[in-house]
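Structure record follows, encoded as structure tokens.
Residue numbers (full-length UniProt numbering): 1 to 232.
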């Protein structure tokens, strides 16, 4: 990969050499993500470089403010980008950052940012890309299921609300997230009763009206739990 893929000439002059590693300008990578005049292909190339070069990620992590700004930019990309390859790479980088910097505060920040974007006045709601990311985040950090039910149930309320949408891909992603919750006995014990009942009702309703294999499979993984907690 050439350095031109990861240096943005329009903004690079304002960055000092301390932000460069192997021809990759970390400051450029961070600022490129929010620029509409930078193509999705170039943004993806920059993120690929971030994943491949550990020294670049270390430079990103050395200042908390820059790290948080970069994560915020990636989350905006997760909600706003339409290019599937860019979205996939964005998810990979976000997940890698949470693994490189195992910090509960960082995970809570990400959950709060997702919830904020799902509930803001622009009405973004729970998108397929954000739900897919949340499912993978729960895979990477199993203990996060308990955190969601104990201190961030409002995030799960938004997840459940997405089951009312008509898009079955979105519903399948929702079921994948909820399956991670149902798989944790500790998480279920901390789930508010009203939210648990709402989950069960929506899951059973979704199963009875599904038309796709992926949604059916994901729903079937949870319906035994739903029946159990509803006393059916």
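Where is the CB? At the ideal position from N, CA and C, for every residue including glycine. Just so it is clear, the structure is predicted and the values come from calculations on it, not from any experiment.
Count the other CB atoms within 10 Å of the CB of residue 52; is the residue buried (16 or more) or exposed (fewer)? exposed
Is residue 65 helix, strand or coil when you go by DSSP? helix
Is it buried or exposed, residue 62, if we count other Cβ atoms within 10 angstroms and call 16 or more buried? exposed
Exposure of residue 227, with buried meaning 16 or more beta-carbon neighbours within 10 Å: Reliability fails at residue 227, whose pLDDT of 47 lies under 50, so the model's placement of it is uncertain and the value that follows must be treated cautiously. Exposed, because fewer than 16 other Cβ atoms sit within 10 Å of the Cβ of residue 227.
Can you tell me where the alpha helix (DSSP H) with residue 118 in it begins and where it stops? 104-119
Measure the C-alpha to C-alpha separation of residue 219 and residue 130 and round it to an integer number of angstroms. 19 Å
From the DSSP output, in three-state form, read off residue 218 for me. helix
Who are the Cβ neighbours of residue 177 in its own chain at under 7 Å, not counting the five residues just before and after it? 131, 134, 135, 138, 159
Alpha carbon to alpha carbon, how far is residue 185 from residue 167? Give it in angstroms, no decimals. 29 Å
By Cβ distance below 7 Å, which residues in the same chain neighbour residue 190 in space, the five residues on each side in sequence not counted? 146, 149, 150
Rank 33, 39, 50 by C-alpha distance to the C-alpha of residue 23 and give the top, closest one. 50
Around the C-beta of residue 84, are 16 or more other C-beta atoms found within 10 angstroms, so that it is buried, or is it exposed? exposed
Between residue 99 and residue 46, how many whole angstroms is the CB-CB distance? I'm expecting something under 8 Å. Contact doesn't hold; Cβ gap of about 20 Å is too wide.
Look up residue 35 in the DSSP assignment and say whether it is helix, strand or coil. coil
Ignore the nearest five residues each way along the sequence and tell me which others in residue 128's own chain have a CB closer than 8 Å to its CB. 167, 169, 170, 173
Check the C-beta distance from residue 70 over to residue 117 and give it rounded, since I have them as a contact under 8 Å. In fact, because the Cβ distance is near 16 Å, the residues do not count as touching under 8 Å.
Can you give me the C-alpha to C-alpha distance between residue 105 and residue 120, rounded to a whole angstrom? 22 Å
Could you tell me which of 114, 181, 77 sits nearest to residue 31, measuring between CA atoms? 77
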